[in-house]
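Please read the structure below before turning to the comments.
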Amino acid sequence: MAKIIAGLGTSHVPAIGAAIDHEKTQESYWKPLFEGIQPARQWINELKPDVCIIVYNDHASAFSLEAISTFAIGVAPEFLPADEGYGPRKVPAVKGNSKLAWHIAESLIKDEFDMTIVNEMPVDHGLTVPLSLMYDKPDVWPCEVIPLCVNVIQYPQPTANRCYNLGKSICRAVESYPEAIRVAIVGTGGLSHQLQGERAGLINSDFDENWLDDLVSKPEELKNVSHTEYLREAGSEGIEMIMWFIMRGALDERVKQVYRFTHCPVSNTNYGLLALENES
Ligand code: DHB
Ligand code: FE
5 MAKIIAGLGT SHVPAIGAAI DHEKTQESYW KPLFEGIQPA RQWINELKPD
55 VCIIVYNDHA SAFSLEAIST FAIGVAPEFL PADEGYGPRK VPAVKGNSKL
105 AWHIAESLIK DEFDMTIVNE MPVDHGLTVP LSLMYDKPDV WPCEVIPLCV
155 NVIQYPQPTA NRCYNLGKSI CRAVESYPEA IRVAIVGTGG LSHQLQGERA
205 GLINSDFDEN WLDDLVSKPE ELKNVSHTEY LREAGSEGIE MIMWFIMRGA
255 LDERVKQVYR FTHCPVSNTN YGLLALENES
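Under my numbering, the sequence shown has 126 at position 122, and the numbering climbs by one with no breaks.
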């Protein structure tokens, strides 16, 4: 039977990808970040998941305002890096796992999560930056990837509660798959940041630290925090944090915090990373 073996939360700041691609990780601005994520890299490289489900938001690379999916799952055998304005990142193509992705899609839909099924999509920094954070610069990504996109761009976004329950449904889907595949789930985005408008540059580290505490130990309470509070406390793009609930929901209620790291600022964000495993 397939199994969820780990959960990782991480910001997906595009400048992190650029720092890795352009060999800037040892420069003074970047060094503390790359030193800080090292234990998480070691952890994931020791765990060696066969498949990573990466929960992220497409930043108008694959989708546009012409059609907005609340939740979409990529079932293709391969996903190419998107051109985000400077040409595609020179990272390996992302290999999917169509068989498992279709199984998860079917299971989620039967469980009343009406996913958009995506046969072809380029993947942008929301997905490739977390991969680079985990695996640095390999010739081939060491795991297969199932992309899972969430609309956090256009009002109305799904509730954190809905995301949490989707995570639980993903866990049931994975655990009903007959092959012995080890799956990690990655929630991306955040932490607090606002890229536009009067409050551009907003960061709220106190909110983020309390939020990380509660995501680990009190997700059942934290999932009820409203979007208005995220907007007020964590800024307009802070709403990306709801995607971490899909990762958290896929784990048991009681988890072990293997590692946690924050660093501020990274580009316009408070960078956050959380490595979790089930206690049992
Ligand atoms: C930044 C952060 C993001 O999450 C994003 O999607 C784009 C830019 C930033 O901090 O620059
Ligand atoms: Fe983002």
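A virtual CB, placed ideally from N, CA and C, is assigned to each residue, including glycine.
*Return the first residue and the last residue of the alpha helix (DSSP H) that L131 is part of.*
Numbered from 1 along the sequence shown, position 127 holds the residue referred to as residue 131. Run containing L131: H129 to Y139, per the alpha helix (DSSP H) assignment.
*asked:* Could you check whether the Cβ of V156 sits closer than 6 Å to any heavy atom belonging to the ligand DHB?
replied: Walking along the sequence shown from the start, residue 156 turns up at place 152. It does not: the Cβ of V156 is nowhere closer than 6 Å to a heavy atom of the ligand DHB.
*Is there at least one non-hydrogen atom of the ligand DHB closer than 6 Å to the beta-carbon of N4?*
Outside the shown range of the chain, which is 5 to 284, sits residue 4, and nothing can be said about it.
*What are the start and end residues of the alpha helix (DSSP H) that includes F249?*
Start at 1 with the first residue of the sequence shown, and residue 249 comes out as number 245. F249 -> alpha helix (DSSP H) spans W248 to G253.
*What residue ranges within the segment 79–164 form continuous beta strand (DSSP E) runs of no fewer than 3 residues, ordered along the chain?*
120–122 and 148–154
*Give me the Cα-Cα distance between E70 and A64, rounded to the nearest whole angstrom.*
Residue 70 sits at position 66 when you count from the first residue of the sequence shown. Residue 64 sits at position 60 when you count from the first residue of the sequence shown. In a straight line, the C-alpha of E70 is about 10 Å away from that of A64.
*asked:* How far does the beta strand (DSSP E) with N274 in it extend, from its first residue to its last?
replied: On the sequence shown, residue 274 is found 270 positions in, with the first residue counted as 1. T273 to N282 is the extent of the beta strand (DSSP E) around N274.
*Report the residue from E225, G205 and A204 whose alpha carbon sits nearest the alpha carbon of N214.*
Numbered from its first residue, the sequence shown carries residue 214 at position 210. It is E225.
*asked:* Between the alpha carbons of V59 and L112, how many angstroms are there, rounded?
replied: On the sequence shown, residue 59 is found 55 positions in, with the first residue counted as 1. On the sequence shown, residue 112 is found 108 positions in, with the first residue counted as 1. One C-alpha to the other measures close to 15 Å.
*asked:* Can you give me the C-alpha to C-alpha distance between I174 and E281, rounded to a whole angstrom?
replied: As a first step, residue 174 must be located in the sequence shown, where it is residue number 170. As a first step, residue 281 must be located in the sequence shown, where it is residue number 277. Roughly 16 Å separates the two Cα atoms.
*Which two residues bound the contiguous alpha helix (DSSP H) that contains G40?*
In the sequence shown, residue 40 corresponds to position 36, counting from 1. Looking at the DSSP string, the run of the alpha helix (DSSP H) that includes G40 is K35 to L51.
_Proximity of M247 and G11 at Cβ, strictly below 7 Å_ = As a first step, residue 247 must be located in the sequence shown, where it is residue number 243. As a first step, residue 11 must be located in the sequence shown, where it is residue number 7. Not closer than 7 Å, so no.
*E202 to G194, Cα distance in whole Å?*
The residue you call residue 202 lines up with position 198 of the sequence shown. The residue you call residue 194 lines up with position 190 of the sequence shown. E202 and G194 have their alpha carbons spaced roughly 19 Å apart.
*From this set, M138, L104 and G100, which residue's C-alpha is nearest E50's C-alpha?*
The sequence position of residue 50 within the sequence shown is 46, counting from 1. For the residues M138, L104 and G100, the minimum Cα distance to E50 belongs to M138.
*For the alpha helix (DSSP H) holding T232, just list the boundary residues, first then last.*
Locating residue 232 in the sequence shown gives position 228, counting from the first residue. Its alpha helix (DSSP H) spans residues H231 to A238.
*asked:* Is P126 near the ligand DHB - that is, is its Cβ less than 6 Å away from at least one heavy atom of it?
replied: For this step, residue 126 is matched to residue 122 along the sequence shown. Incorrect: P126 has no Cβ contact closer than 6 Å to the ligand DHB.
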